[in-house]
Amino acid sequence: MKQKLLLSVDLDKIELPQILKSLSDPTRLSIVATLYSNNKECSCAIFEHLGKKSNLSQHYRNLRLNGLISVRRSGIHSYLNLRKKELNQKFPGLLENICRNWKHNNNSI
C-alpha cells in the first residue's frame, strides 16, 4: 500500500500568533487536545463526530499548514500526528497548558 507524508511547516517558520489563531476554533482545538491526550498517531476516523468530512479536511489542512500536525496517508486512510515534541521545544508548555485547560472545561473529548 502506498504511503505519503504530507509536508508540514518547518519548525523555525512557526509563530505563536498563527498557532493561537489556529487553536481559536473549537473543532481544531478539540482535534489537537485529543491528539495530545492520545499521545500517538490517530486515524482521522476518530474525529468523524466533529463534523462533515469536507469540513474536517479543511481543519486538518489548517492545522498542518500552521505546523501543529503532520498527516500521513496510507491508501484511502489518513493519520494525524501532533508535533508535540517539536512544538514543546519551541514553545515550552504551551500545548500542555492549552490542552489541559480544554480538557478540564470540556467533557466532549
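Position 24, counted from 1, in the sequence shown is what the UniProt record's numbering calls 24; the numbers after and before it change by one each time, with no gaps. Note that the Cβ used here is the ideal one computed from N, Cα and C, for glycine as well.
I need the straight-line Cα distance from residue i to residue j, nearest angstrom please.
| i | j | result |
| --- | --- | --- |
| residue 64 | residue 105 | 25 angstroms |
| residue 18 | residue 67 | 9 angstroms |
| residue 30 | residue 62 | 14 angstroms |
| residue 101 | residue 26 | 13 angstroms |
| residue 109 | residue 15 | Because residue 109 carries a pLDDT of 43, less than 50, the predicted location of this residue cannot be relied on, and no value is offered for it. |
| residue 59 | residue 89 | 24 angstroms |
| residue 82 | residue 33 | 9 angstroms |
| residue 40 | residue 49 | 19 angstroms |
| residue 77 | residue 52 | 16 angstroms |
So, under 8 angstroms CB-CB, residue i and residue j are touching, yes? Tell me the CB distance rounded to an integer number of Å.
| i | j | result |
| --- | --- | --- |
| residue 69 | residue 80 | 5 angstroms |
### Task
Ignoring anything shorter than 4 residues or poking outside the UniProt domain "HTH arsR-type" (8 to 102), list the alpha helix (DSSP H) runs there in chain order.
Runs of the alpha helix (DSSP H) inside the UniProt domain "HTH arsR-type" (8 to 102): 16 to 22, 26 to 38, 53 to 65, 84 to 90.
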